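Quick note on numbering: the sequence shown equals residues 1336 to 1521 in the numbering used here. Just so it is clear, CB atoms sit at the ideal spot from N, CA and C, and this is done for glycine as well. Every value quoted in this text rests on a predicted model; they were computed, and no experiment measured them. Following: one structure in C-alpha cells, then a few remarks.
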Amino acid sequence: MQGTVRQEYAGYAASEHRQPVAALRQQWQQAHPDWQIEKAEAVADDLTRPVALTVAARLPGAEAPAATLYVRPAAQLGLPANPFRHPDRLYPVDMASTQRLEYMVELTLPEGYTAAELPAATSLALPNEGGRFVFSVSQPTAQTLAITSRLHLAKTHYSAEEYHALRELYARALAKMTEPIVVQRQ
1336 MQGTVRQEYA GYAASEHRQP VAALRQQWQQ AHPDWQIEKA EAVADDLTRP
1386 VALTVAARLP GAEAPAATLY VRPAAQLGLP ANPFRHPDRL YPVDMASTQR
1436 LEYMVELTLP EGYTAAELPA ATSLALPNEG GRFVFSVSQP TAQTLAITSR
1486 LHLAKTHYSA EEYHALRELY ARALAKMTEP IVVQRQ
C-alpha cells in the first residue's frame, strides 16, 4: 500500500502538534513503524489555521501479488484506542471540548483487481443528540473506493448513566472502521 496521508489537527488537538516538521515526522513514524516515509511536510506556524501534516509513505507487502487482499485503510493508518476502557463508571465524563474524528480515504485499486466485498454503511447515534457515528464506502469508479468515517461526540459532559452508551458507540465505531474491504484479482 502506498500513498499520501494528510492529517489535520484543529482546536485543542492542534496545540500539541505545533512542532517542527522533523518532530511531527518522527511522531508519525513512531505511530506507524511498519510504514516507510518518503516525504513529509507540515504547516504548523499559523495559529489561526489547523496543523496539517502531509506524509508520502508506503507499507511494504508480500513479495508476490496475492489473489485476494483484505484491506483495512483506517486500521493501517493507526486507529486510536477506545478511551472508555472500563465497563462501568460512577462519575461523569468531562472533556475540554467536543470531539470529532474524521477519516476520508480515497483508495485506488491495483491494476487487475476489483472490489469483491465492501463493508455496509452504518449510522449510529447517542441519545439526546450526544453524538453520532457515520460510516460509508462507495465506489465512484471501477478502480477507486471512497471511505468516509465520522465520529462526533457533541457534548463535553456525559453523566455516569450515559457512559455505557458512549463507550458502546466508540467501540462499535472502531470495530466498523476495521472491517476489511475484500479485493480480488480479476
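Within 7 Å, strictly: CB atoms of residue i and residue j
i: L1412; j: F1468; result: no
i: R1353; j: V1390; result: no
i: A1481; j: E1441; result: yes
i: G1465; j: A1489; result: yes
i: Q1331; j: A1451; result: Residue coverage of the chain in this structure runs from 1336 to 1521, which leaves residue 1331 outside it and unanswerable.
i: R1507; j: F1419; result: no
i: L1486; j: L1436; result: yes
Run of the beta strand (DSSP E) containing residue i, from where it starts to where it stops
i: E1497; result: Element bounds for E1497: n/a, residue is neither H nor E.
Residues near residue i in its chain [Cβ-Cβ closer than 8 Å; skip 5 each side]
i: Q1474; result: A1450, L1453, L1480 and A1481
Residues near residue i by beta carbon distance below 7 Å, same chain, minus five either side
i: R1424; result: A1495 and Y1498
Contacts around residue i, its chain only, beta-carbon distance under 6 Å, and the 5 residues preceding and following it disregarded
i: P1515; result: Y1405 and R1407
i: T1513; result: R1407 and A1410
i: A1455; result: none
i: M1430; result: T1491
i: W1370; result: A1392 and L1394
i: A1345; result: P1385
Supposed close pair residue i, residue j - CB separation, criterion 8 Å
i: P1427; j: Y1493; result: 6 Å
Opening and closing residue of the alpha helix (DSSP H) in which residue i lies
i: R1360; result: V1356 to A1366
Could you tell me which uninterrupted alpha helix (DSSP H) segments, each at least 4 residues in length, are contained entirely in the region 1400 to 1477, listed from first to last along the chain? Whole alpha helix (DSSP H) segments, 4+ residues: 1408 to 1411.
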